[in-house]
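Undergrad:
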Amino acid sequence: MKDWIMVLKAADAAAQWHVHQRRKGAAKEPYINHLLEVATLVAEATEGTDPNLVIAALLHDAIEDCEVPHKLIAETFGADVADLVAEVTDDKSLPKEERKRLQITKTPGKSRRAKLLKLADKTSNLRGLMQSPPVGWTEARLRDYVVWAEAVVRSCRGLNPKLEAAFDAAHAEASRHFG
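Sequential numbering from 1 applies to the sequence shown in the numbering used here.
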């Protein structure tokens, strides 16, 4: 029970930290919707057996997008959660194209749990592209994202059939739509 109280505290923290953030799509939905979807995907994929992974899913963009210190996450939610969040955090000091390249090359060396989180994140992002494509993105940029997302999760295969099926469905739909 205590673990799931921490999940709710993480959802609250994520909502507060991302309060002014919106998705890039025309619908401009609150960013917390993405974080909740990623958390739900990993919770379902693990059948609720890994609350820390669910917490990390809720907080996975906190360091990268909100500059929440690793130390604060560790003090509030534990080192395991903070380290998992750090493992999936891009270095924002690098150019965007380099960050994208590094996601492809570094994901194979990540932990199993980080790979599950990557898979859930990319699934949610592809669904978001379909529901409300980012404003100003060309068809070519949308296509490139779909191809890139598959390249990132290629090394995440064989870990969780349910999560892979969710990604594959989102990827297939996005490929048909933007291909």
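Every residue, glycine too, gets a C-beta built ideally from N, C-alpha and C.
Report the partner residues of Pro30 according to the DSSP bridge assignment.
TA: As a working note, residue 30 is residue 30 in the sequence shown. For Pro30, which the question treats as bridged, DSSP gives the partners Arg22.
Undergrad: Using a 10 Å radius around the Cβ and a threshold of 16 neighbouring Cβ atoms, would you call Pro127 buried or exposed?
TA: Residue 127 sits at position 127 when you count from the first residue of the sequence shown. The sequence given here has Arg at residue 127, not Pro. Under this definition Arg127 is a buried residue.
Undergrad: Looking only at C-alpha atoms, which of Ala74, Glu29, His34 sits nearest to Met6?
TA: One-based indexing of the sequence shown puts residue 6 at position 6. With distances taken between Cα atoms, Met6 lies closest to Ala74.
Undergrad: Where does Pro161 sit, in a helix, a strand or coil, going by DSSP?
TA: Within the sequence shown, numbered from 1, the residue matching residue 161 stands at position 161. Of the three classes helix, strand and coil, the one that applies to Pro161 here is helix, per DSSP.
Undergrad: Just to confirm before moving on: does the CB-CB distance between Leu84 and Leu119 stay below 8 angstroms?
TA: Here residue 84 refers to the residue found at position 84 when the sequence shown is read from its first residue. Here residue 119 refers to the residue found at position 119 when the sequence shown is read from its first residue. Result no, Cβ atoms of Leu84 and Leu119 do not sit closer than 8 angstroms.
Undergrad: If you follow the alpha helix (DSSP H) that Arg127 is in, where does it begin and where does it stop?
TA: Counted from its first residue, the sequence shown places residue 127 at position 127. Per DSSP, Arg127 belongs to the alpha helix (DSSP H) from 112-131.
Undergrad: Can you give the Cα-Cα distance for Leu35 and Glu139, rounded to whole angstroms?
TA: Numbered from 1 along the sequence shown, position 35 holds the residue referred to as residue 35. Numbered from 1 along the sequence shown, position 139 holds the residue referred to as residue 139. Between Leu35 and Glu139, the C-alpha separation is close to 25 angstroms.
Undergrad: Please report the Cβ distance between Val152 and Lys122, rounded to the nearest whole angstrom; I am assuming they are in contact, meaning their Cβ atoms lie under 8 angstroms.
TA: On the sequence shown, position 152 is the one that residue 152 refers to. On the sequence shown, position 122 is the one that residue 122 refers to. Val152 to Lys122, Cβ: 6 angstroms. Contact.
Undergrad: May I have the straight-line CA-CA distance separating Ala62 from Asn33, to the nearest angstrom?
TA: If you number the sequence shown from 1, residue 62 lands on position 62. If you number the sequence shown from 1, residue 33 lands on position 33. Approximately 14 angstroms between the Cα atoms of the pair.
Undergrad: Have a look at Ser24 and Val135 and give me their C-alpha separation to the nearest angstrom.
TA: For the purposes of this step, residue 24 is identified with residue 24 of the sequence shown, where counting begins at 1. For the purposes of this step, residue 135 is identified with residue 135 of the sequence shown, where counting begins at 1. The sequence as given places Lys at residue 24; Ser does not occur at that position. Cα-Cα distance, rounded: 6 angstroms.
Undergrad: State yes or no: is the C-beta of Leu41 within less than 8 angstroms of the C-beta of Ala174?
TA: Numbered from its first residue, the sequence shown carries residue 41 at position 41. Numbered from its first residue, the sequence shown carries residue 174 at position 174. No; because the gap between Cβ atoms is not below 8 angstroms, this pair is not in contact.
Undergrad: Considering only the beta carbon of each residue, do Ala114 and Leu58 sit closer than 8 angstroms?
TA: Looking up residue 114 in the sequence shown gives position 114. Looking up residue 58 in the sequence shown gives position 58. Against a cut-off of 8 angstroms, the Cβ pair of Leu58 and Ala114 comes out as no contact.
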